[in-house]
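Visitor:
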């Protein structure tokens, strides 16, 4: 190809060419940080009356939260569980559930709304860019963080605006009262119910197998008999609750083999009556060794010596089995001379 056939090279625009001459301008860094927008002050920043209005709004929300908490407690006390009311457009609902939901929801919402309004209108909204740093901050950074926290607390105005501070603290302090009231549904306090059983002076010892009152001659040396109080029948609605505390085991031991003086005094002709409920976790004791006078709990092998005050000689049980003082009435039947003098079963929170 000759030189005449080679097309002339067109002049390309330079990178820094003039736009008027067809040049292309290339940015130095197309991903440059644009920076933060110019801060625009809020009306509350320049008008103290507007700031006071916002302060009163926040305080009103916190106060409404306190009133709603009081309403929650009042509703819990006033409305019975079975009361049904009609509320449009929901229809028929439980008055208690509806009132509890509305008051608790209002209390939580007002605390949140008050905190948001406080942050958006009164706290400092100046954006600050901070460089990332290593997780293990040096001492000077920690000091700076503490200083920033103090500055933030100062900028929030919590020290200069006691109305907001006091109402917020009041709302937060009263809100947990709602949870305290709900705890009432856990049931009544046990009071002294765990310390007492249905055993009382004059109640006959009823054989669990025959459902007949026991006589001293019915209990043989080396035998193990289970008994319940007179008047406690399986048809009763609270039978399981009561028998769990009143279940009794009766053993006859030769009086000369009884080592504990109190046990001997509370027995009748070598017949001793002890709680059947293990003092570890409340399992029923059912295994008796005639030669050693030991009873064994089948759950965790706690072992008690019935010839020595039913003290614990092995296993995790924490204390001896309670003894029931017994005697014989005029008709020749074994009877209780009172209730157990200590709580039956495992230890509990108010055991003394």
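In full-length UniProt numbering, the protein residues as written are 1 to 352. Just so you know, even glycine gets a beta-carbon here, dropped at the ideal spot from N, CA and C.
Measure the beta-carbon distance from residue 323 to residue 272 and round it to whole angstroms, keeping in mind my assumption that it falls under 8 Å.
Guide: Confirmed, Cβ separation roughly 7 Å.
Visitor: Taking the C-alpha atoms as reference points, what is the distance between residue 325 and residue 219?
Guide: Going by the C-alpha atoms only, they are around 16 Å apart.
Visitor: Starting from the C-beta of residue 281, find all residues in its chain whose C-beta is less than 8 Å away, skip the five residues before and the five after it, and write them out in chain order.
Guide: Closer than 8 Å at Cβ, skipping near neighbours: 299, 300, 346.
Visitor: Between which two residues does the alpha helix (DSSP H) carrying residue 305 extend?
Guide: Taken as a continuous stretch (DSSP letters only), residue 305 belongs to no alpha helix (DSSP H), being part of the beta strand (DSSP E) at 303-305.
Visitor: Report buried or exposed for residue 114, applying the criterion of at least 16 other Cβ atoms within 10 angstroms of its Cβ.
Guide: Classification of residue 114: buried, given that the 10 Å Cβ count is 16 or more.
Visitor: Would you mind giving the Cβ-Cβ distance between residue 253 and residue 293, rounded to the nearest angstrom? I have them listed as a contact below 8 Å.
Guide: That pair is a contact at about 6 Å.
Visitor: Ignoring anything shorter than 3 residues, give me the beta strand (DSSP E) runs that lie fully in the stretch 139-213, in order along the chain.
Guide: 205-207, all fully within the stretch 139-213.
Visitor: Per DSSP, what kind of secondary structure is residue 120 in: helix, strand or coil?
Guide: Reduced to three states, the DSSP call for residue 120 is helix.
Visitor: Excluding five sequence neighbours on each side, which residues of the same chain lie with their C-beta closer than 7 Å to the C-beta of residue 74?
Guide: Contacts found: none.
Visitor: So what does DSSP say about residue 21, is it helix, strand or coil?
Guide: Below a pLDDT of 50, predicted positions are generally treated as unreliable, and residue 21, at 48, falls in that range; the measurement from the model is reported next regardless. Residue 21 falls in the helix class under three-state DSSP.
Visitor: Under 8 Å, with one C-beta from each stretch per pair, do the stretch 37-44 and the stretch 145-156 reach the 3-pair mark?
Guide: No: the two stretches stay apart, fewer than three of their Cβ pairs being nearer than 8 Å.
Visitor: Report the three-state DSSP secondary structure of residue 34 (helix, strand or coil).
Guide: Coil, per DSSP.
Visitor: Quick one: what does DSSP say residue 49 is sitting in, helix, strand or coil?
Guide: Of the three classes helix, strand and coil, the one that applies to residue 49 here is helix, per DSSP.
Visitor: Can you tell me which of 317, 268, 255, 260 puts its alpha carbon nearest to the alpha carbon of residue 285?
Guide: The residue with the shortest Cα to Cα distance from residue 285 is 317.
Visitor: Can you tell me whether residue 88 is helix, strand or coil according to DSSP?
Guide: Coil, per DSSP.
Visitor: What does the alpha-carbon distance come out to for the pair residue 302 and residue 222?
Guide: Their Cα atoms are separated by approximately 20 Å.
Visitor: Under DSSP, the beta strand (DSSP E) around residue 331 begins and ends at which residues?
Guide: Per DSSP, residue 331 belongs to no beta strand (DSSP E) and is neither H nor E.
Visitor: What would DSSP say about residue 216, mapped onto helix, strand or coil?
Guide: It is helical.
Visitor: Check residue 241 in the structure and name its three-state DSSP category.
Guide: Helix, per DSSP.
Visitor: Between residue 101 and residue 120, what straight-line distance do the alpha-carbon atoms span, to the nearest angstrom?
Guide: Using only the alpha carbons, I get a separation of about 28 Å.
Visitor: Mind checking which residues open and close the alpha helix (DSSP H) that includes residue 404?
Guide: Residue 404 cannot be examined here, being either before or after the span of the chain that is shown, 1 to 352.
Visitor: Do the stretch 153-164 and the stretch 191-203 make contact, defined as three or more Cβ pairs closer than 8 Å?
Guide: Touching, no, given that fewer than three Cβ pairs across the two stretches are closer than 8 Å.
Visitor: Whose C-beta lies closer than 7 Å to the C-beta of residue 263 among residues of the same chain, with five residues either side of it excluded?
Guide: Here the set comprises 272, 309, 323.
Visitor: Once you ignore the five residues that flank residue 64 on each side, which residues in its own chain have a CB closer than 6 Å to its CB?
Guide: Excluding positions up to five away in sequence, the list reads 110.
Visitor: For residue 129, does the count of other Cβ atoms within 10 angstroms reach 16, so buried, or fall short, so exposed?
Guide: The residue is exposed, with fewer than 16 neighbouring Cβ atoms inside 10 Å.
Visitor: Assess contact between the stretch 42-51 and the stretch 86-96, defined as three or more Cβ pairs (one per stretch) separated by less than 8 Å. Is contact present?
Guide: The stretch 42-51 is not in contact with the stretch 86-96.
Visitor: Just mark residue 339 as buried or exposed, buried being the case when its beta carbon has 16 or more other beta carbons within 10 Å.
Guide: Residue 339 comes out buried.
Visitor: State the start and end residues of the unbroken beta strand (DSSP E) segment that holds residue 289.
Guide: Residue 289 -> beta strand (DSSP E) spans 287-289.
Visitor: Using beta-carbon positions only, say whether residue 69 and residue 232 come within less than 8 Å of one another.
Guide: Going by C-beta atoms, residue 69 is not nearer than 8 Å to residue 232.
Visitor: Work out the CA separation of residue 34 and residue 126 for me, nearest whole Å.
Guide: Approximately 17 Å between the Cα atoms of the pair.
Visitor: My output table needs one value for residue 44: the three-state DSSP class, helix, strand or coil.
Guide: Three-state result, residue 44: helix.
Visitor: Under DSSP, the beta strand (DSSP E) around residue 292 begins and ends at which residues?
Guide: No beta strand (DSSP E) holds residue 292; DSSP gives it neither H nor E.
Visitor: Under a three-way DSSP split, which group does residue 137 fall into?
Guide: It is coil, neither helix nor strand.
Visitor: Among 116, 30, 278, 154, whose alpha-carbon lies nearest the alpha-carbon of residue 315?
Guide: Comparing Cα-Cα distances from residue 315 to each of 116, 30, 278, 154, the minimum goes to 278.
Visitor: Helix or strand or just coil, what does DSSP make of residue 226?
Guide: Strand at residue 226.
Visitor: If we ignore side chains and look at the alpha-carbon of each, how far apart do residue 72 and residue 80 end up?
Guide: C-alpha separation (whole angstroms): 14 Å.
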